[in-house]
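So the structure is just underneath, and the comments pick up after that.
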Amino acid sequence: MRVMLELVRVITLFITLGFLGWMLIENIYAINETSEHFSWMGGGALLIFFFVLYRNKLQFTGWYDGEGQKLSSKLSVFLMVIALLLLVTPFLMVLLIN
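Take a look at the structure:
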């Protein structure tokens, strides 16, 4: 039962944080029509951010009592840098295309 509750919690968090993040990203990328075509990269960045947040913080506050392990600090930093690059890339594409 705890596993099901944790699954519902993860799905709810994913939908809520994903919706809020996507609304923010779409408004930022709507500034330029060219960057709007690459907004899917921002969606990928959101997925990576959520994964790092869940693995390092949120998995320890839920109902599931499994052996949760944090991501290593090197892997966390690497994933966050990749996510930041994905967020910035649409604006760089605008500069290259125009």
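The opening residue of the sequence shown carries number 0 in numbering that gives the first Met the number 0; numbering runs sequentially from there.
Here a beta-carbon is modelled for each residue, glycine too, at the ideal position from N, C-alpha and C.
Predicted model only: the values in this text are computed from it and were never measured.
Extent of the continuous alpha helix (DSSP H) run through residue i
| i | result |
| --- | --- |
| SER38 | 38–55 |
| PHE13 | 1–28 |
| PHE100 | Beyond the ends of the chain as shown, which are 0 and 97, falls residue 100; an answer cannot be given. |
| GLU32 | 32–35 |
| SER75 | 72–96 |
Whole-angstrom distance between residue j and residue i, CA atom to CA atom
| i | j | result |
| --- | --- | --- |
| GLU32 | LEU86 | 16 Å |
| PRO89 | LEU83 | 11 Å |
| PHE13 | TYR53 | 10 Å |
| ALA29 | HIS36 | 9 Å |
| ARG8 | LEU91 | 36 Å |
| GLN68 | LEU74 | 13 Å |
Residue burial classification, residue i (beta-carbon count within 10 angstroms, cutoff 16)
| i | result |
| --- | --- |
| SER71 | exposed |
- With contact counted as at least three CB pairs below 8 Å, one residue from each stretch, are the segment 72–81 and the segment 45–52 in contact? Contact between the segment 72–81 and the segment 45–52 is present: 3 or more CB-CB pairs across the two stretches fall below 8 Å.
- Message: When you compare the segment 19–28 with the segment 1–11, are there three or more beta-carbon pairs, one atom per stretch, that lie closer than 8 Å?
- Response: Contact between the segment 19–28 and the segment 1–11 is absent, because fewer than three Cβ pairs lie under 8 Å.
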